[in-house]
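Student:
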Amino acid sequence: MSSTPAFADLAGTASETARPSLAPPALTVRQRPPHRRLRAAHAPELADLPGVWRADACAAPTGAWPTGHAALDAQLPGGGWPAGGLVELLCVQPGLYEGALLAPHWAAMTQAQPAGRLAWVMLGHSPWRLHAPGVLRLGLQPEQLLCLQPATEADAAWAVEQVLHSPGVLGVWWLTRHAQPQHLRRLQWAAQARGIPVFASRPLACRQDPSPAPLRLHLQAGPEQSLRVHILKRQGPRHEQALNLPCPTPVHLLPRALPQPPVPSPVEPHVVDRPLSAPVAA
Amino acid sequence: MWWIALYLPQWPLEALGLPPPQGVPQGIEEGGHLVCLCPAAREAGIHVGMSVAAAQARMPHIQVRARQPDQEAKALRTLALAALRFSPHLCLKPDGFLIEVQGSLRLFGGPLNLWRQLLYTVDAFKVSTHFAAAPYPEAAWLLACVRGPQRRQLLAHRGRVAASFPALGVAQSRQPQPVRQVLDTLPVVGVLQAWESPEAAQQLLTGLGVATLGDWRALPRAGLQRRMGAELLVRLDRAYGAVPDPRSFWAPPPAFDERLELPERTHDADLLTQALGHLLQALEGWLAVHGQLAQVMALHFLHEARRREALPDTVHTLRLAAPDRQAAALQRLWDERLKRHPLTAPVVALRLVLQAAVVPQTSDVQQPLAAPEVPHAASSTAVPALSPGLANEDPVEIRRALAWLLDRLQSRLGAQAVQGLRCEDDHRPERASRWVNLTDEPSALSSALSSALPAAPALAPSQPLWLLPQPEPLAEHQGRPVHGGVPLVLRTRAERIEAGWFDDEPVCRDYHVAEGADQRLRWVFRQRRGDQQSWFLHGWFN
Chain A
266 MSSTPAFADL
276 AGTASETARP
286 SLAPPALTVR
296 QRPPHRRLRA
306 AHAPELADLP
316 GVWRADACAA
326 PTGAWPTGHA
336 ALDAQLPGGG
346 WPAGGLVELL
356 CVQPGLYEGA
366 LLAPHWAAMT
376 QAQPAGRLAW
386 VMLGHSPWRL
396 HAPGVLRLGL
406 QPEQLLCLQP
416 ATEADAAWAV
426 EQVLHSPGVL
436 GVWWLTRHAQ
446 PQHLRRLQWA
456 AQARGIPVFA
466 SRPLACRQDP
476 SPAPLRLHLQ
486 AGPEQSLRVH
496 ILKRQGPRHE
506 QALNLPCPTP
516 VHLLPRALPQ
526 PPVPSPVEPH
536 VVDRPLSAPV
546 AA
Chain B
5 MWWIALYLPQ
15 WPLEALGLPP
25 PQGVPQGIEE
35 GGHLVCLCPA
45 AREAGIHVGM
55 SVAAAQARMP
65 HIQVRARQPD
75 QEAKALRTLA
85 LAALRFSPHL
95 CLKPDGFLIE
105 VQGSLRLFGG
115 PLNLWRQLLY
125 TVDAFKVSTH
135 FAAAPYPEAA
145 WLLACVRGPQ
155 RRQLLAHRGR
165 VAASFPALGV
175 AQSRQPQPVR
185 QVLDTLPVVG
195 VLQAWESPEA
205 AQQLLTGLGV
215 ATLGDWRALP
225 RAGLQRRMGA
235 ELLVRLDRAY
245 GAVPDPRSFW
255 APPPAFDERL
265 ELPERTHDAD
275 LLTQALGHLL
285 QALEGWLAVH
295 GQLAQVMALH
305 FLHEARRREA
315 LPDTVHTLRL
325 AAPDRQAAAL
335 QRLWDERLKR
345 HPLTAPVVAL
355 RLVLQAAVVP
365 QTSDVQQPLA
375 APEVPHAASS
385 TAVPALSPGL
395 ANEDPVEIRR
405 ALAWLLDRLQ
415 SRLGAQAVQG
425 LRCEDDHRPE
435 RASRWVNLTD
445 EPSALSSALS
455 SALPAAPALA
465 PSQPLWLLPQ
475 PEPLAEHQGR
485 PVHGGVPLVL
495 RTRAERIEAG
505 WFDDEPVCRD
515 YHVAEGADQR
525 LRWVFRQRRG
535 DQQSWFLHGW
545 FN
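Residue numbers (the numbering used here), protein chains in the order written: chain A, 266 to 547; chain B, 5 to 546.
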């Protein structure tokens with residue numbers, strides 16, 4: 266709770282009065298012009314309330330898991346993924362952007378507890394299939410995954426909840442297209458009780474829908490294979506500037522200006538025999 | 005020695021599993037005479053031994069059914085199997101059983117706990133029972149049969165009552181009665197009926213003015229033996245513990261395959277769940293005697309033949325990642341499974357077959373048997389705290405929790421929806437990953453639950469996380485593949501994968517990492533087989 270605004274300075278300046286907003290779960294203290302004396306008796310209690318933070322600073326939750334991306338940590342309340350709660354990841358094609366973002370967190374979790382597992386919940390009829398060498402490239406072991414492929418969204422939400430109740434699961438990734446609001450609410454509670462974040466990948470079309478998740482991110486592809494992250498919702502002030510998180514590329518990439526291979530002649534020479542047209546990557 | 009007797013006074017009626025009487029009096033006949041009556045019929049003045057015709061004359065709407073000894077024996081076996089959980093020393097009788105529990109007293113937390121659990125188990129079968137306990141088997145049986153509904157009576161070894169049991173309905177003011185004193189008060193007529201002794205002995209004793217067993221034992225033995233033979237006197241001595249009374253114990257069947265007839269053909273899920281509960285109780289007893297845990301079970305729903313065509317049984321198989329024996333835990337898993345499958349036809353009987361069982365490992369020590377009524381309820385409802393002590397969690401606990409999780413998930417979602425991913429040693433991308441069914445393959449399960457993972461390869465492959473199920477053909481523009489109307493930029497040199505010549509699925513491709521206008525990386529390849537050289541999209545990097 267160190268980054269919570271200590272109420273001492275509030276009381277010391279006697280310049281602000283506190284008025285809780287009406288929304289019960291996330292109470293925000295707004296600053297008021299210095300025209301009224303602060304009632305010192307109420308001041309420390311308000312600051313100590315869980316879930317109360319000043320509008321110009323981030324909330325300071327009791328725990329957070331580092332994301333592995335320093336730039337992102339700096340912007341998240343508590344300095345990492347919330348310890349318990351739904352994290353919505355919105356992107357155009359759910360599944361294609363999250364791996365690089367989440368892999369450091371998952372790798373740290375599974376290293377801390379090798380017996381634990383990660384649960385990836387996706388609908389049975391997804392357009393792509395997981396590729397085990399690709400999982401290895403993320404720094405995870407395929408053996409650490411429990412892949413659940415329920416037939417319906419309701420089953421998927423049930424499975425996520427069951428998984429959250431098990432102490433053997435360290436991370437949950439839920440790929441969903443049509444999640445129901447009641448499922449999201451229920452899972453937010455379950456994740457809070459459990460103490461690990463649940464990552465829900467949803468299509469970008471859900472951006473305008475109300476959501477119980479305390480953290481919502483918009484993921485896009487950035488320049489030079491970076492990941493562009495815009496925080497849509499957090500327990501703190503509005504996030505104006507999208508972040509560019511550098512992500513490791515899967516392989517050393519050649520410069521874009523590489524001359525493209527010529528139109529193959531009918532008799533293609535073996536690739537080893539072809540002359541090199543650009544410096545070979547290390 | 006400590007014997008508990010369980011006598012089933014209404015067994016011929018209840019073994020048929022008739023629905024509870026709703027004002028319709030019922031009776032069971034054998035050889036033209038009634039042998040068993042429901043309370044409603046008894047209140048109307050019908051008594052056991054009356055001929056069927058006389059009973060019907062007095063009460064025209066009485067339902068009389070023939071006695072079915074086979075059915076009785078089968079149902080009693082199911083009940084006895086459930087009681088085997090408490091002790092393997094069980095003697096079957098036609099209308100009840102005796103069970104010797106001296107060796108199990110400590111395991112179940114004392115006589116009071118054991119007694120309570122036995123009542124709980126048997127009461128779940130919804131049969132009327134008379135219980136009694138005594139140091140000698142014959143004494144326990146007589147007390148159960150003759151004293152009737154005073155089923156909560158508990159008499160301990162050496163004639164001392166071990167405790168008073170207000171919870172069991174025994175009045176606390178009752179003086180401790182040593183077993184011999186209690187036996188002395190039993191009426192001779194009732195005892196002789198329970199022994200099914202000849203009429204002559206009964207006439208002799210009543211003629212002598214003997215009313216109770218105490219009177220009988222007070223008579224001079226030599227003269228009595230001359231008049232009525234030694235057999236009944238020896239039996240009496242056995243009841244009082246004066247002569248040894250060796251019993252042979254029942255051997256449960258070597259394989260578990262029990263069938264339970266339902267009272268009538270039914271669609272009712274509650275009734276089916278209840279019947280399944282009985283079978284699982286029996287399974288628990290069987291597993292306890294054999295010292296095993298259930299791993300694979302098959303449940304058959306037997307359907308009635310329709311239009312002279314037998315309908316095939318509906319079979320559900322449940323495979324457990326965490327082998328278990330406790331009926332309540334198994335029932336929860338079965339409930340999840342059966343909830344998802346509507347019945348295709350009315351069911352007339354259930355059959356539960358144990359297909360595979362395992363001997364418990366020392367690492368998965370079961371929960372203490374003293375409290376089986378709440379079997380790992382804690383695991384399913386309690387929410388564990390994780391945050392700081394993540395690394396401190398016991399791996400054994402985690403493994404067990406994962407196994408339970410797998411069982412719960414697969415019982416609702418189906419085994420094919422709960423899978424693991426494995427790497428294969430194959431260069432062809434289509435074959436580099438393999439899906440495994442975690443609960444079907446023991447090796448997959450053990451690797452899924454073990455904390456020792458294979459070492460990660462030193463050089464991680466540069467392959468995408470997602471693969472298209474089928475490579476998607478791409479157009480070509482000036483030698484470059486086109487996806488979404490835009491030519492892709494190849495960002496790597498070709499990585500040639502050429503394999504499969506050995507098993508008739510040859511692959512000869514040059515893979516590139518390609519970038520589109522949206523700056524996403526794709527995995528594309530150029531087919532190099534034959535004359536045609538075309539581009540395909542095969543995967544997406546994350």
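Every residue gets a Cβ at the ideal spot worked out from N, C-alpha and C, and that includes glycine. All values reported here derive from a predicted model rather than from experimental measurement.
(1) Can you give the beta carbon distance from G289(B) to L85(B), rounded, assuming they're within the 8 Å contact cut?
(2) Anything in the segment 485 to 504 of chain B with a Cβ closer than 8 Å to a Cβ of chain A? List those residues in chain order, please.
(3) Under a three-way DSSP split, which group does N546(B) fall into?
(4) From the DSSP secondary-structure annotation, give me the bridge partner or partners of C40(B).
(5) Alpha carbons only, please: which of P92(B), F540(B), H271(B) and R532(B) is nearest the one belonging to A479(B)?
(6) Between Q365(B) and R403(B), what straight-line distance do the alpha-carbon atoms span, to the nearest angstrom?
(7) Would you kindly report the start and end of the unbroken alpha helix (DSSP H) that includes M232(B)?
(8) Step through the CB atoms of chain A and report whether any lies within less than 9 Å of the CB of W290(B).
(9) Under 8 Å by Cβ, that's how I've got V386(A) and W439(A) pegged, so tell me the actual separation to the nearest angstrom.
(10) Identify every run of the alpha helix (DSSP H) within the segment 183 to 251 of chain B, keeping only runs that are complete inside it and at least 4 residues long; order them along the chain.
(11) Considering only residues of the same chain and omitting the five flanking positions on each side of P372(B), which have a CB-CB separation below 6 Å?
(12) Would you say Q514(A) faces chain B, with C-beta separation under 9 Å as the test?
(13) Which residue's Cα is closest to the Cα of Q330(B): G113(B), W254(B), L284(B) and R62(B)?
(14) Check whether chain A comes within 9 Å of V195(B), counting only Cβ atoms and requiring the distance to be less than that.
(15) Roughly how many angstroms separate the alpha carbons of A372(A) and L406(B), rounded to a whole number?
(16) According to a CB-to-CB cut-off of less than 9 Å, which residues of the segment 417 to 430 of chain B neighbour chain A?
(17) At a CB-CB cut-off below 7 Å, which residues of chain A make contact with P473(B)?
(18) Quick one: which chain B residues come within Cβ less than 7 Å of V317(A)?
(19) Could you tell me the distance, in whole angstroms, from the CA atom of S367(B) to the CA atom of P399(B)?
(20) When DSSP labels each residue in this structure, what does R432(B) get in the three-state scheme?
(21) Take D420(A) as the anchor and find which of L417(B), M301(B) and A292(B) has the nearest alpha-carbon.
(22) Kindly indicate if chain B contains any beta-carbon less than 9 Å away from that of D338(A).
(23) If you count every other CB in all the chains shown that lies within 10 Å of the CB of W505(B), and 16 or more means buried, which is it?
(24) When DSSP labels each residue in this structure, what does K97(B) get in the three-state scheme?
(25) Which full runs of the beta strand (DSSP E) of 3+ residues lie inside the segment 372 to 420 of chain A, going along the chain?
(26) For a contact defined as C-beta to C-beta under 9 Å, what are the partners of D507(B) on chain A?
(27) Compile a chain-ordered list of the residues in the segment 515 to 533 of chain B whose CB is closer than 7 Å to at least one CB of chain A.
(28) Any beta carbon from chain B within less than 9 Å of Q445(A)'s own beta carbon?
(29) Does DSSP put A288(A) in a helix, in a strand, or in coil?
(30) Applying a beta-carbon distance threshold of less than 9 Å, which residues of chain A neighbour R120(B)?
(31) So with Cβ pairs under 9 Å, would you call P488(A) a contact of chain B?
(32) Any idea what DSSP makes of H282(B), helix, strand or coil?
(33) Less than 9 Å between CB atoms is the rule here; does V494(A) satisfy it with respect to chain B?
(34) DSSP three-state call for C323(A): helix, strand or coil?
(35) Rounded to a whole number of angstroms, what is the C-alpha to C-alpha distance between L480(A) and E499(B)?
(36) Please state whether the Cβ-Cβ distance between L435(A) and R382(A) is less than 9 Å.
Tutor: Short version:
(1) 4 Å
(2) V493, L494, R495, T496, R497, A498 and R500
(3) coil
(4) Answer by DSSP bridge pairing, in chain order: I32(B).
(5) F540(B)
(6) 13 Å
(7) R225 to M232
(8) no
(9) 5 Å
(10) The qualifying runs are 183 to 188, 192 to 199, 203 to 211, 217 to 222, 225 to 232 and 235 to 243.
(11) Confidence is the limiting factor: at P372(B) the pLDDT is only 40, short of 50, which leaves the residue's position unreliable and the question unanswerable from this model.
(12) Correcting the residue identity first, residue 514(A) is Thr in this sequence and not Gln. For T514(A), the answer is yes, since a Cβ of chain B falls inside 9 Å of its Cβ.
(13) That would be L284(B), whose Cα lies nearest to the Cα of Q330(B).
(14) no
(15) Cα to Cα, A372(A) sits roughly 19 Å from L406(B).
(16) L417, G418, Q420, A421, V422, Q423, G424, L425, R426, C427 and E428
(17) R394
(18) Result: empty, since nearest Cβ-Cβ is about 21 Å, beyond 7 Å.
(19) Its pLDDT being 49, under 50, S367(B) is placed unreliably by the model, and the measurement read from it follows with that caveat. Cα to Cα, S367(B) sits roughly 11 Å from P399(B).
(20) Three-state DSSP puts R432(B) in coil, outside helix and strand.
(21) Closest in alpha carbon position to D420(A), among L417(B), M301(B) and A292(B), is L417(B).
(22) no
(23) exposed
(24) strand
(25) 382 to 387 and 410 to 413
(26) By Cβ distance, chain A contributes nothing, its closest Cβ being about 19 Å from D507(B), past 9 Å.
(27) Contacts with chain A (Cβ-Cβ distance below 7 Å) from the segment 515 to 533 of chain B involve V517, D522, Q523, R524 and L525, listed in chain order.
(28) no
(29) At A288(A), the pLDDT of 37 sits below 50, so the modelled position is not reliable and the matter cannot be decided from this model.
(30) None at all; the shortest Cβ gap to chain A is about 31 Å.
(31) yes
(32) helix
(33) no
(34) Coil at C323(A), not helix or strand.
(35) 40 Å
(36) yes
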